[in-house]
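Inspection log for the structure reproduced underneath, given as structure tokens.
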Amino acid sequence: MKTNKKAPLIFIGFMGTGKTTLGEYIASNDGLNYIDLDEYIVSQEQRSIPEIFDKIGETGFRNLEFLLFTTMYRTI
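Position one of the sequence shown corresponds to residue 1013 (my numbering), numbered consecutively onward.
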């Protein structure tokens, strides 16, 4: 059976390497949804990334990031 569902594209890399630019470009040209994980985290936590770091530290942030990524990934 053939489906039209496209597999998600996930861009991973250091800050400033163009992940957001590339993701937005591909999404707009191919009619795909685009989700920025940092923006998703901020919307879920109602705090900025620096505020989250200050409150729970880097390890806590990375755990939260992983949790929200896996939650988000299951919905796409």
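Each residue gets a CB set at the ideal place from its N, CA and C atoms; glycine is no exception.
- Cβ-Cβ separation between L1021 and I1053: approximately 19 angstroms, too far for a contact (criterion under 8 angstroms).
- The beta carbon of F1065 is closer than 8 angstroms to those of F1073 in its chain, skipping five residues each way along the sequence.
- Just so you know, the alpha carbons of G1035 and Y1046 end up roughly 7 angstroms apart.
- For F1078, the closest of I1024, T1029 and R1059 by C-alpha to C-alpha distance is I1024.
- For S1060, the secondary structure class from DSSP, reduced to helix, strand or coil, is coil.
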